[in-house]
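Sequential numbering of the sequence shown, starting at 74, is according to the working numbering. The C-beta atom is built at its ideal place from N, Cα and C for all residues, glycine as well. Note that the structure is a prediction, hence the values are computed from the model and not measured. See below for the structure under consideration.
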Amino acid sequence: MSKRMETRRYDVVIAGARCAGASTAMLLARHGLRVLVVDPARRGSDTLSTHALMRGAVFQLRRWGLLDAVRSSAAPAIRRTTFHYGDETIEIPIKERDGVGELYAPRRTVLDAALADAAAEAGAEVVHGLSVIDLLRGRQGRVRGARLSGPDRRPVEVEADLVIGADGIRSRVARILGVEPHTIATHATASIYGYWREIGLEGFHWYYDLGAAVGTIPTNGGEVCVFASMPQERFESGRGRGLEALYHGLLADVSADLARRVASSEGPGKLRAFAGARGFLRRAAGPGWALVGDAGYFRDPLTAHGITDALRESEFLARAVLAGSDDALSALQAERDERVRGLLEVTDRIASFEWDLEEVKLQHLRLAREMNALVDATRALDETAWGASARITARAS
Ligand SMILES: Cc1cc2nc3c(=O)[nH]c(=O)nc-3n(C[C@H](O)[C@H](O)[C@H](O)COP(=O)(O)OP(=O)(O)OC[C@H]3O[C@@H](n4cnc5c(N)ncnc54)[C@H](O)[C@@H]3O)c2cc1C
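Structure below.
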């Protein structure tokens, strides 16, 4: 699906072609903008992330007509989530609402490829193997394009009215712009995960105990992602024993049943580890630039909401771009911060591991309210017309 760059002048250039960048590219291209999206990673490559989609993400995929791509990948339908608090088990069926009666957890190899393909089908130029290495500036410092490079390519310059950094937590675009977080969370969790077969559990299972949480995420190819999360300090002090020992030790500490199931199943190819990073909010936009996805807003993965956030915020950004003024882009920041602050706060509280099981149960109820409010905000978009601007801003440079 990837195309070669055909022109050096675009309405929008996007760094990053995964859930935030590819979705934004798809939406803008569907509304007639000339979009280039580049990513150094291969199309359909994996990334360091588990992949549980919450209702808001499935809702977006359905609204955009992409749910069939996920279903046809044979990602299993998730029809219930089971919370385990010590010995107590609470099973929550996924209710039918907004046309969503089941959740999914496709591998990123599936989801990100489907989004990149949808962007290309909409007319965006999607080029893998290419990175944004610098930004071009106009006279008043306004961003007016990007310098791109790849391993076997000489750097090229492309002009654009807007450059979007959808380039993840360590965003190079944010770094070049010098945009620091204006809000930083207090806590960070680390996690280790791997893929197992036939563990005999249905749906999502989230297990909580003091100082650790583990869980299961059924995905493509009959595999189940089993993760173990812990405070960053516990990871740092335990990693010397080796990832395997730390992982299996945590599984056994939190759920003897899950540890037993894992011990008797086939897997994992290789365990993967994330050492943790504190959540943050960065400025969302400025003259000629915007940030979306983890580049602009990151929250601890323990609440498994980053992909859902990226799919929602990409539409808010695309709509602000189509509104065609710098004011619409500037307004985005306050609106996004207002939308996500509650989720960031409750995620930080859960990621603290400074709770007992009664408190974490209450925090999960709060998390569910925050997630529902975000689905409501997405649904409300259907009542707002898209802007029709083919030009993004008056070029001030
Ligand atoms: C351990 C872990 C588990 C997680 N589990 C879940 C979960 O279960 N559910 C969930 O919803 N979320 C989860 N998340 C969060 C989720 O992974 C992120 O929120 C999501 O990937 C953000 O998408 P993104 O498109 O913003 O960034 P990314 O997915 O990070 O993609 C950024 C892309 O930008 C590209 N890029 C980087 N630099 C450049 C450049 N200079 N030029 C061009 N491109 C560039 C990269 O190659 C990359 O492909 C998890 C995260 C972690 C770390």
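Query, Result
"Distance CB(Leu126)-CB(Leu176) smaller than 8 Å", "yes"
"Any non-hydrogen atom of ligand 1 closer than 7 Å to Phe347 Cβ", "yes"
"Beta-carbon proximity check, Leu364 vs Val246, cutoff 8 Å", "yes"
"Candidates Pro224, Glu232, Pro304, Ile237, of which the one nearest Ala263 by Cα", "Pro304"
"Element boundaries [alpha helix (DSSP H), containing Phe389]", "379-396"
"Assumed close pair Ala301, Leu274 - CB separation to whole angstroms, cut-off 8 Å", "Not really, about 15 Å apart at Cβ, beyond 8 Å."
"Cβ distance (whole Å) where Ala377 is taken to contact Thr123 below 8 Å", "7 Å"
"C-alpha distance - Pro228 paired with Ser118, whole-angstrom precision", "23 Å"
"Best match in Gly284, Leu283, Gly288, Tyr268 for proximity to Phe277 [C-alpha to C-alpha]", "Gly288"
"Proximity of His255 and Arg115 at Cβ, strictly below 8 Å", "no"
"Sequence-distant residues of its chain with Cβ nearer than 8 Å to Pro166 (five each side left out)", "Arg152, Arg153"
"beta-carbon Arg115 near ligand 1 non-hydrogen atom, thresh 7 Å", "no"
"Residues near Thr182 by beta carbon distance below 6 Å, same chain, minus five either side", "Gly117, Asp119"
"DSSP beta-bridge partners of Phe277", "Thr154"
"Coarse secondary structure for Tyr320, derived from DSSP in three states", "helix"
"Inter-stretch contact at 8 Å, needing at least 3 Cβ pairs: the stretch 308-324 / the stretch 332-351", "yes"
"Pair within 8 Å by beta-carbon distance, Ser338 and Ile272", "yes"
"Beta strand (DSSP E) runs wholly inside the stretch 174-233, at least 3 long, in chain order", "198-201, 204-210, 216-223"
"Pair within 8 Å by beta-carbon distance, Asp421 and Asp373", "yes"
"heavy atom of ligand 1 below 7 Å from Ser264 C-beta", "yes"
"Proximity test, Pro304 beta-carbon vs ligand 1 heavy atom, cut-off 7 Å", "no"
"Contact between the stretch 90-102 and the stretch 185-195 (3+ Cβ pairs under 8 Å)", "yes"
"Cβ-Cβ distance between Gly218 and Val199 below 8 Å", "no"
"Cβ-Cβ distance between Val173 and Val143 below 8 Å", "no"
"Distance between Phe371 and Ile242 (C-alpha atoms, nearest Å)", "7 Å"
"Status (buried if at least 16 other CB within 10 Å, exposed otherwise) for Ala147", "exposed"
"CB of Gly340 within 8 Å of CB of Tyr280, strictly", "no"
"For Glu169, the nearest candidate out of Ile163, Arg128, Gln133 (CA to CA)", "Arg128"
"Alpha-carbon spacing of Thr107 relative to Asn445, whole angstroms", "The displayed chain sequence assigns Arg, not Thr, to residue 107. Those two C-alpha atoms are separated by around 34 Å."
"Status (buried if at least 16 other CB within 10 Å, exposed otherwise) for Asp399", "buried"
"Asp240 beta carbon near ligand 1 (any heavy atom closer than 7 Å)", "yes"
"Cβ pair His260, Ser425 closer than 8 Å", "yes"
"Separation of Arg210 from Ala286, as counted between CA atoms", "46 Å"
"Reduced DSSP category for His255 - H, G, I as helix; E, B as strand; rest coil", "strand"
"Nearest residue (CA-CA) to Gly366, options Gly359, Pro360, Leu354", "Leu354"
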